[in-house]
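Enquirer:
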Amino acid sequence: NEYTNHEIKTFDKDHVWHHLTPGSAADNGLPVFVKGQGLDLWDIDGNQYLDASAGGVWVTNTGYGRKEIVDAISEQLLDLNFFASAMGNKPAAIFASHLIDKMPGMNRVFYSSSGSEANEKAFKMVRQISHKKYAGKKSKILYRERDYHGTTIAALSATGQSQRRDQFGPFVPDFVEFPHCFEYRSQFEETVDYGVKAAQLMEDVILQEGPDTVGAVIIEPITAGGGIITPPEGYLKAVEQICKKHNVLLILDEVVCGLGRTGKWFGYQHYDIQPDIVTMAKGVASGYAAISCTVTTEAVYKDLQESDNTDKLGYFRDISTYGGCLAGPAAAIANMNIIEKENLIENSAKMGDLLLVGLQELKTKYPIIGDVRGKGLLVGIELVTDSTSKQPVDETLAISIFAKCKQAGLLIGRTNRSFAEFNNILNMSPALCVTEAQIQQILTTLDQAFSDLTVDLTQA
Ligand code: PMP
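Following this line, the structure appears as structure tokens:
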């Protein structure tokens, strides 16, 4: 290498503007990673870690160092690296057909490059359908408290996390929030039929706004960054039915859940529902290329096909320069092949169960663990001062567990480290190729971290 480690750290400190964190990686005690293989990572100083965070933000579904994916990208780029998506291209066509195979009821794939952009496309589809079919009147998009849909202004306008929104307003009009279905912190005294009651809270907002003004609802099937919140029994089915009843499109943000993370190809497939639009990004190419997809039913596609008249183009006039070109879908095909060849969907479900059971055991040992929840390899723990009050612990305790794990060579997820609302929640979301031994290592390291924390607290 032409630069020393010291020079690289200096360049980082002096010039890189890190996401979500003030100061440099070194200032924040965060490693500069230089190599990955499977779930193992090495930093610039030669320290080795087991990555139980899939690249920190649920991206690397098939793990690091996958030569098949890199070869697929380089072969494609040598053949043809770019031509605008309005033309056809081979990998985009092939990946679309493979993807649709996994999504009964869906039929069209619109490519772009990030999760935020995939959601923007969905919103623009809803807005244009409102103009074409409802004289612009069905333009409202309902989003849920705690859900995250991205960083662009419209995606942020649809995000129910106040600390992310703070100081970025004004927001895009006609985005309206509704309450979450967070059973652990239920809005109701009585938890019988909680899922149906929580869905009713969404219908209340539709009725309040006027169903004729609401074009769509967007939700994360399992809320990731907002606290790893799985939907209670009956919730998503009720949401689907309420949307149908009021002629409201159901958009599911599968940016985190998609491509096997929860033990099925898509998170919503656990719940027997049929969305109108599904967005996905991170796991689509596991971080080997930037690719996202907005997948729709044929009905949504058809609504956006016909021109209204000759001087007003009615079809979906949208574009994304890099969408579907060409490294992205080439990587996505190879990534999907690995998931199938190595049975990673089954592995995600099986290893996720082991992780969940192991964490439940830790919960019985350490009262600070108030809740353990998740599906497949999207698993979280919520830390509380005591199980009755459920008061969130001070963020220093979650930081301490994260730091103790890191010290012991384990990276767990703390995606909302800057957001006081959720910073008592940690997540364990390894790549889908995680082995039983690695799950054990995650659990043993966490056990030790909680045991050390207990000692720290009694000594304090
Ligand atoms: N939706 C969800 C559920 C996400 O977690 C994220 C990213 N964390 C996004 C959308 C935005 O994706 P991107 O950062 O690729 O724009």
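One gets the UniProt record's numbering by counting positions in the sequence shown from 1 and adding 4 to each. Cβ atoms here follow ideal geometry from the backbone N, Cα and C, with glycine treated the same way.
Quick one: what's got a C-beta closer than 6 Å to F270's C-beta in the same chain, skipping five residues either side?
Expert: The residue you call residue 270 lines up with position 266 of the sequence shown. E258 and G262, listed in sequence order.
Enquirer: Of all the options L401, A435 and I222, which has the alpha carbon lying nearest to the alpha carbon of V459?
Expert: Within the sequence shown, residue 459 is the residue found at index 455, counting from 1. Minimum Cα distance to V459 is reached at L401.
Enquirer: What does DSSP give as the partner residue(s) for T300 in the beta ladder?
Expert: Residue mapping note: residue 300 aligns to position 296 of the sequence shown, counting from 1. The partner list for T300 (beta bridge, DSSP) reads R112 and I281.
Enquirer: When DSSP builds the beta bridges, which residues end up paired with D375?
Expert: As a first step, residue 375 is located in the sequence shown; it is residue number 371 there, counting from the start. BP columns for D375 point to E386.
Enquirer: In three-state DSSP terms, what is I98?
Expert: In the sequence shown, counting from the first residue as 1, residue 98 sits at position 94. In the structure shown, I98 sits in a helix (DSSP, three-state: H, G or I).
Enquirer: At which residues does the beta strand (DSSP E) containing I405 begin and terminate?
Expert: In the sequence shown, residue 405 corresponds to position 401, counting from 1. Note, I405: premise wrong, no beta strand (DSSP E); alpha helix (DSSP H) at E399 to Q411.
Enquirer: By Cβ distance below 6 Å, which residues in the same chain neighbour A336 in space, the five residues on each side in sequence not counted?
Expert: As a working mapping, residue 336 is identified with position 332 in the sequence shown. Once the five neighbours on either side are set aside, the close Cβ partners of A336 are F99, V288, A289 and I295.
Enquirer: Taking only runs that begin and end inside the region 197 to 279, name each unbroken beta strand (DSSP E) of 3 or more residues, in chain order.
Expert: As far as the region 197 to 279 is concerned, its whole beta strand (DSSP E) runs of at least 3 residues are 218 to 223 and 253 to 257.
Enquirer: Please determine, among Q167, I232, K125 and V176, the residue with the shortest C-alpha to C-alpha distance to I255.
Expert: Position 251 of the sequence shown, counting from 1, holds the residue named residue 255. Residue K125 is the option with its Cα nearest to I255.
Enquirer: Does the distance from the CB of R377 to the CB of N65 come in under 8 Å?
Expert: Stepping through the sequence shown from its first residue, residue 377 is reached at position 373. Stepping through the sequence shown from its first residue, residue 65 is reached at position 61. Result no, Cβ atoms of R377 and N65 do not sit closer than 8 Å.
Enquirer: Taking just the CA atoms, how far does S433 sit from L45?
Expert: Sequence index remark: in the sequence shown, residue 45 carries index 41 (1-based). Sequence index remark: in the sequence shown, residue 433 carries index 429 (1-based). Straight-line Cα distance between these residues: approximately 15 Å.
Enquirer: In this structure, does DSSP put W21 in helix, strand or coil?
Expert: Stepping through the sequence shown from its first residue, residue 21 is reached at position 17. Of the three classes helix, strand and coil, the one that applies to W21 here is coil, per DSSP.
Enquirer: Could you check if S134 belongs to the surroundings of the ligand PMP, using beta carbon to heavy atom distance under 7 Å?
Expert: For the purposes of this step, residue 134 is taken as residue 130 along the sequence shown, with counting starting at 1. Incorrect: S134 has no Cβ contact closer than 7 Å to the ligand PMP.
Enquirer: At a cut-off of 7 Å, is S57 close to the ligand PMP when judged by its beta-carbon and the heavy atoms of the ligand?
Expert: In the sequence shown, residue 57 corresponds to position 53, counting from 1. No, the Cβ of S57 stays beyond 7 Å of every heavy atom of the ligand PMP.
Enquirer: Hey, is the region 373 to 388 in contact with the region 19 to 37, meaning 3+ C-beta pairs nearer than 8 Å?
Expert: Too few Cβ pairs lie closer than 8 Å, so no.
Enquirer: DSSP three-state label for V438, please.
Expert: If you number the sequence shown from 1, residue 438 lands on position 434. In the structure shown, V438 sits in coil (DSSP, three-state: anything other than H, G, I, E or B).
Enquirer: Does P174 come out as helix, strand or coil in the three-state DSSP assignment?
Expert: As a position in the sequence shown, residue 174 is number 170, starting the count at 1. Of the three classes helix, strand and coil, the one that applies to P174 here is coil, per DSSP.
Enquirer: Indicate whether S161 and F179 have their beta-carbon atoms separated by less than 8 Å.
Expert: Translated into the one-based positions of the sequence shown, residue 161 becomes position 157. Translated into the one-based positions of the sequence shown, residue 179 becomes position 175. Result yes, Cβ atoms of S161 and F179 sit closer than 8 Å.
Enquirer: Leaving aside the five residues before and after S118 along the sequence, list all residues of the same chain whose C-beta is less than 8 Å from its C-beta, in chain order.
Expert: The residue labelled residue 118 in the question sits at position 114 within the sequence shown. So the qualifying residues of the chain are G154, A285, A294 and S296.
Enquirer: Please determine whether the Cβ atom of I433 lies at a distance below 7 Å from any heavy atom of the ligand PMP.
Expert: Numbered from its first residue, the sequence shown carries residue 433 at position 429. First, the amino acid is wrong: residue 433 is Ser here, not Ile. Incorrect: S433 has no Cβ contact closer than 7 Å to the ligand PMP.
Enquirer: Return the bridge partner residues of W46 from the DSSP annotation.
Expert: Your numbering for residue 46 matches position 42 in the sequence shown. According to DSSP, which records beta bridges pairwise, W46 is partnered with K39 and Q52.
Enquirer: Measuring alpha carbon to alpha carbon, tell me which residue in E346, A464 and L447 is nearest E72.
Expert: Position 68 of the sequence shown, counted from the first residue, corresponds to residue 72. Checking every option, the nearest Cα to that of E72 belongs to E346.
Enquirer: Report yes if the C-beta distance between M129 and L308 is below 8 Å; otherwise report no.
Expert: Counting from 1 along the sequence shown, the entry for residue 129 is found at position 125. Counting from 1 along the sequence shown, the entry for residue 308 is found at position 304. Contact flag set, yes.
Enquirer: Closest to D398 by C-alpha separation, out of L414, G417, I429 and T368, would be which residue?
Expert: Here residue 398 refers to the residue found at position 394 when the sequence shown is read from its first residue. It is I429 whose Cα lies nearest to the Cα of D398.
Enquirer: For the alpha helix (DSSP H) containing K144, name the first residue and the last one.
Expert: Numbered from 1 along the sequence shown, position 140 holds the residue referred to as residue 144. Segment K144 to R148 is the beta strand (DSSP E) holding K144; no alpha helix (DSSP H) there.
Enquirer: Whole angstroms are fine: how far does the CA of D322 sit from the CA of E121?
Expert: Here the question's residue 121 lines up with position 117 in the sequence shown. Here the question's residue 322 lines up with position 318 in the sequence shown. Approximately 11 Å, taken between the alpha carbons.
Enquirer: Can you determine whether any heavy atom of the ligand PMP sits closer than 7 Å to the C-beta of Q123, and answer yes or no?
Expert: Taking the sequence shown and counting its residues from 1, the one referred to as residue 123 is at position 119. In the sequence as presented, Gln is not what sits at residue 123; that position holds Asn. Yes.
Enquirer: Any heavy atom of the ligand PMP closer than 7 Å to the CB of V259?
Expert: If you number the sequence shown from 1, residue 259 lands on position 255. Yes, the beta carbon of V259 sits closer than 7 Å to at least one heavy atom of the ligand PMP.
Enquirer: Taking the CB atoms as reference points, tell me whether G199 and Y239 lie closer together than 8 Å.
Expert: Mapped onto the sequence shown, residue 199 falls at position 195. Mapped onto the sequence shown, residue 239 falls at position 235. Taking 8 Å as the Cβ cut-off, G199 and Y239 qualify as a contacting pair.
Enquirer: Can you tell me where the beta strand (DSSP E) holding M432 begins and where it ends?
Expert: Along the sequence shown, read from residue 1 onward, the residue named residue 432 stands at position 428. Residues I429 to M432.
Enquirer: Just to confirm, are K410 and R189 a CB contact at a threshold of 8 Å?
Expert: The count along the sequence shown starts at 1 and reaches residue 410 at position 406. The count along the sequence shown starts at 1 and reaches residue 189 at position 185. Against a cut-off of 8 Å, the Cβ pair of R189 and K410 comes out as no contact.
Enquirer: Taking the beta carbon of G92 as the centre, do at least 16 other beta carbons fall within 10 Å, making it buried, or is it exposed?
Expert: Translated into the one-based positions of the sequence shown, residue 92 becomes position 88. Exposed.
Enquirer: With a 10 Å radius around its C-beta and 16 neighbouring C-beta atoms as the bar for buried, classify V361 as buried or exposed.
Expert: For the purposes of this step, residue 361 is identified with residue 357 of the sequence shown, where counting begins at 1. It counts as exposed.
Enquirer: Can you pull the DSSP bridge partners for L415?
Expert: Counting from 1 along the sequence shown, the entry for residue 415 is found at position 411. Answer is D55.
Enquirer: Are there 16 or more other CB atoms within 10 angstroms of the CB of H274, so buried, or fewer, so exposed?
Expert: Mapped onto the sequence shown, residue 274 falls at position 270. H274 should be labelled buried.
Enquirer: Quick check: is any heavy atom of the ligand PMP less than 7 Å from the C-beta of H153?
Expert: The count along the sequence shown starts at 1 and reaches residue 153 at position 149. Yes, Cβ of H153 sits closer than 7 Å to a heavy atom of the ligand PMP.
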